[in-house]
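Numbering (my numbering), first residue to last: 56 to 199.
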């Protein structure tokens with residue numbers, strides 16, 4: 056039997072998103088223990104913090120199998136750069152994984168995954184529709 060791949064959900068409808076600044080996206084989800092970033096992103100964050108490479112690596116990074124890095128979440132599953140005010144302390148230097156949220160392939164592929172993420176993120180299905188070109192730009196940014 057011929058299997059026809061259905062178009063991803065985000066191409067069939069318009070997606071709305073408006074960040075509310077709640078900080079919930081900075082909390083890990085089950086099975087995820089880090090925020091993925093590349094060497095260039097890690098270096099930008101390290102320079103912003105004004106700390107040495109060895110100290111930064113020991114304190115925040117985990118080497119991943121694909122030659123990238125991950126920012127380790129703290130013991131409570133929260134990004135170490137989320138401040139007490141629920142604001143990102145490295146916002147201008149945050150990695151692509153953070154900049155592109157919630158437009159991750161696994162979130163926007165099906166209506167079910169989008170609705171599941173909306174239970175966690177109050178900004179989903181709020182505000183203006185995000186143009187398809189913008190969603191695709193964010194997806195490409197994740198590939199770099």
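Idealized CB from N, CA, C, for every residue including glycine.
Only a predicted model underlies this, so the values are computations on that prediction, with no experimental measurement involved.
Residue pairing of residue 92 in beta bridges, as defined by DSSP: 124.
Sequence-distant partners of residue 99 (beyond 5 residues in either direction) whose C-beta falls short of 6 Å from its own C-beta, in its chain, are 148. Per DSSP, reduced to three states, the secondary structure at residue 80 is helical. Around the Cβ of residue 97, a 10 Å sphere holds 16 or more other Cβ atoms; the residue is buried. Annotated three-state conformation of residue 72 is strand, per DSSP. If only complete runs of 4 or more residues are kept, the region 129-167 shows the alpha helix (DSSP H) at 151-154 and 160-163, in order along the chain. Its chain contains 125, 126, 128, 134, 150, 152 and 153 as the residues whose beta carbon lies nearer than 8 Å to that of residue 90, once the 5 sequence neighbours on both sides are disregarded; these appear in chain order. When secondary structure is reduced to three states using DSSP, residue 180 falls in the strand class. In the three-state scheme derived from DSSP, where H, G and I count as helix and E and B as strand, residue 104 is classed as helix. Secondary structure of residue 116 (DSSP, three-state): strand.
Sequence-distant Cβ neighbours of residue 73 in its own chain, meaning closer than 6 Å and more than five residues away, are 178, 181 and 182. Per DSSP, the continuous alpha helix (DSSP H) segment holding residue 65 begins and ends at 64-67. In summary, residue 110 is exposed, with fewer than 16 beta-carbon neighbours lying within 10 Å of its beta-carbon over all protein chains present. For residue 188, the enclosing alpha helix (DSSP H) has its first and last residue at 187-198.
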